[in-house]
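Student: Residue numbers (the numbering used here): 60 to 327. All C-beta atoms, glycine included, are put in the ideal place defined by N, C-alpha and C. Since the model is a prediction, treat every value here as computed from it, not as a measurement.
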Ligand SMILES: [Zn+2]
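1. Give the straight-line distance between the Cα atoms of residue 101 and residue 273, rounded to the nearest whole angstrom.
2. Return yes when the C-beta of residue 109 is under 6 Å from any heavy atom of ligand 1, and no when it is not.
3. Excluding the five sequence neighbours on either side, which residues of its own chain have a C-beta within less than 6 Å of the C-beta of residue 280, listed in chain order?
4. Measure from the alpha carbon of residue 185 to the alpha carbon of each residue in 313, 325, 327, 66, then state which is nearest.
5. On the DSSP bridge assignment, give the partners of residue 312 in chain order.
6. Do you know how far the Cα of residue 141 is from the Cα of residue 159?
7. Please classify residue 305: is it buried, with 16 or more other beta-carbons within 10 angstroms of its beta-carbon, or exposed?
8. Would you check if the distance between the CB atom of residue 330 and the CB atom of residue 87 is smaller than 7 Å?
9. In terms of residues, what are the limits of the alpha helix (DSSP H) holding residue 294?
10. Please determine, among 298, 146, 115, 123, the residue with the shortest C-alpha to C-alpha distance to residue 258.
11. Looking at ligand 1, does it come within less than 6 Å of residue 147, judged from the CB to the closest heavy atom?
12. Taking three-plus beta-carbon pairs below 8 Å as touching, is the region 239-259 in contact with the region 210-229?
13. How about residue 73 and residue 127: are their beta carbons less than 7 Å apart?
14. Is the beta carbon of residue 117 sitting closer than 7 Å to the one on residue 98?
15. For ligand 1, is there any heavy atom lying closer than 6 Å to the beta carbon of residue 80?
16. The beta strand (DSSP E) with residue 227 in it runs from where to where?
17. For residue 218, which of helix, strand or coil comes out of DSSP?
18. Which value, in whole angstroms, describes the spacing of the CA atoms of residue 161 and residue 133?
19. Using the three-state DSSP reduction, which class does residue 142 fall into: helix, strand or coil?
20. To the nearest angstrom, how far is it from the Cα of residue 214 to the Cα of residue 320?
See the structure below:
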């Protein structure tokens, strides 16, 4: 392969690799230098190996140094101090990679934007795919169907497009009580998104910045069927007759999706 490609072509090749994946999250990688493709990789190409590792391990160290990595998903970081396999961010740093282009940030609460930051801290230039490609990558990366229902507390990114998304929150694996919520009308320019549930079920926890600030879910006034949420706001969803409530914090919002953290609490 001796043809020289532009960065935007190389992003497209990474997306092409991504589309070869048969399981989620789908990740594709291209490693290039001076516009020449040195190697490619996709998740699932080698069992249990992340796409960045698949692509980089095809290359000798001399080729890795100074290269540019195009990856459709933000590289992972080590979650434990003594992790058996080094994280992709660590591998990229150890490989002497000069620049990384990222398709989408990882929605996993523990990794989210840490890979991005770790690379920057190690003097690697980090840029993003073109806007249009980012949208395409985002749609392919995760299996959003599973968001229709969540079990127990959690933190994750949720797409809010078109007519919005409904989510059933189940108390726990063994406790099948559920509460229905939905998200609509994401307005990134105004920094808000609407959370709704049944009549009188939604309260804004005014003044609370952490779940632990909340002593009782019913002390907050003005229950409604919906709340217009802004970043860092906490809302409580407690439908009439329910014996538990969902506390939801809007951690961040983006062009097409929002990042949430939530807890489930029993109520008397
Ligand atoms: Zn990884």
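Tutor: The answer reads as follows:
1. 45 Å
2. yes
3. none
4. 66
5. Under DSSP, residue 312 shares a beta bridge with 317.
6. Cα to Cα, residue 159 sits roughly 25 Å from residue 141.
7. Under this definition residue 305 is a buried residue.
8. Outside the modelled stretch of the chain, which goes from 60 to 327, sits residue 330, for which no answer is possible.
9. Premise fails: residue 294 lies in the beta strand (DSSP E), 293-296, not in any alpha helix (DSSP H).
10. 298
11. yes
12. yes
13. no
14. yes
15. no
16. 224-229
17. strand
18. 6 Å
19. coil
20. When rounded, the separation of the alpha-carbon atoms in residue 214 and residue 320 is 4 Å.
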